[in-house]
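**Student:** Quick note on numbering: the sequence shown equals residues 1 to 298 in my numbering.
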Amino acid sequence: MRPISLPRGERRATGQLRGGLQVTWRRLPLVSGTILLFVLVAGIFAPLLAPHDPGAINIAQGERPPAWMEGALPGHILGTDQMGRDILSRLIWGARVSLIVGFSGIAIAGIVGSLLGLVSGYYGGWVDHVIMRVVDIQMSVPAILLALLLAAVLGGGLYIIIVVIAVVYWAFYARIVRGETLSVKARDFVALAKVAGCGTPRILLRHILPNVGNTIVVVVTLQLGSAIILEAALSFLGLGVQPPTAAWGLMLADGRTLLGVAWWIATWPGLAIMLTVLGANMLGEWLRVALDPKQRQV
């Protein structure tokens, strides 16, 4: 039997297995994955990768340009800031701060918001009404305004910013998971679980949660970039991570008045924030398509 000949474009997009089966290989998120991998490696192995102490001050070596410009110092590839601290080392350590704050804050927000969304969507009635009215009140306040208020009241610091991010973003998860739960609980397998005598916690955790897990993963990825921007904004305004900790927002604040004479002090942390958030958003968009059966068919 003569094999079927595929068009050139389809031959590139598919791979043939034994027995004639064909499998379509989806394009992996190479760009976003590479960006986030670099940030993740920098954050985890910061003590090993940083060429200098990020807090070492040497005023005599302040405001030195990157290595390819005249007047650069040997060993300082991206230059130094006004205090003589190595910018590359501070960028690497700043990645650790952004990852800790972003992942921790979003993880807490996701757990709290998802559980409340499950309870709200499953029980309905006055439980749903109370939780959703709280969500509506919080979502009516701009995120940055709420974060500024909480940071000003609670004070700055790494752990305070994690709490602030969790408080700001939990409502997004509660609303989305509640909508997904309303759809899932009406399916036959949930009714069969009730008939079989399964308790409410088992139904929520074993039957409903796995079916809304894809949505939660996508929201976590998309909110990671927002959390990093929020942390940088609070640190920039002096309400986030406090000196001498190396943080991208603090580096932006240090260089904002020196853009005319030492552009590199604020440019590199700005690029780091932009690329990290771009990578997180691109990965979230890829996951949204990859985890949605309807989108996969398209």
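A virtual CB, placed ideally from N, CA and C, is assigned to each residue, including glycine.
Taking the beta carbon of PHE172 as the centre, do at least 16 other beta carbons fall within 10 Å, making it buried, or is it exposed?
**Tutor:** buried
**Student:** Look at the alpha carbon of MET274 and the alpha carbon of GLY156, and state the distance between them as a whole number of angstroms.
**Tutor:** 23 angstroms
**Student:** Is TRP93 closer than 8 angstroms to ALA246 when the C-beta atoms are compared?
**Tutor:** yes
**Student:** Hey, would you say TRP264 sits closer than 8 angstroms to ILE59, going by beta carbons?
**Tutor:** no
**Student:** Quick check on ASP53: does DSSP put it in helix, strand or coil?
**Tutor:** coil
**Student:** Under the DSSP definition of a beta bridge, which residues are partnered with ASP86?
**Tutor:** THR80
**Student:** If distances are taken between C-alpha atoms only, which option among ASN211, ALA107, ALA152 comes closest to TYR169?
**Tutor:** ALA107
**Student:** Which parts of the region 158–215 are runs of the alpha helix (DSSP H), unbroken and 4 residues or longer, counting only runs that do not cross its ends?
**Tutor:** 158–184, 188–195
**Student:** Would you please state the rounded distance, in angstroms, between the beta carbons of PRO51 and SER89? I believe it to be under 8 angstroms.
**Tutor:** 6 angstroms
**Student:** Using a Cβ distance threshold of 8 angstroms, determine whether the region 25–44 contacts the region 251–268, with at least three qualifying pairs required.
**Tutor:** no
**Student:** For the 8 angstroms Cβ check, are there 3 or more pairs between the region 132–150 and the region 230–239?
**Tutor:** yes
**Student:** Quick check: THR181 and GLY110, are their CB atoms within less than 8 angstroms of each other?
**Tutor:** no
**Student:** Where does GLY240 fall in DSSP's three states?
**Tutor:** coil
**Student:** Using the Cα positions of ILE203 and ALA186, report the straight-line distance between them to the nearest angstrom.
**Tutor:** 12 angstroms
**Student:** When you compare the CB positions of ALA290 and GLY105, do they come within less than 8 angstroms of one another, or not?
**Tutor:** no
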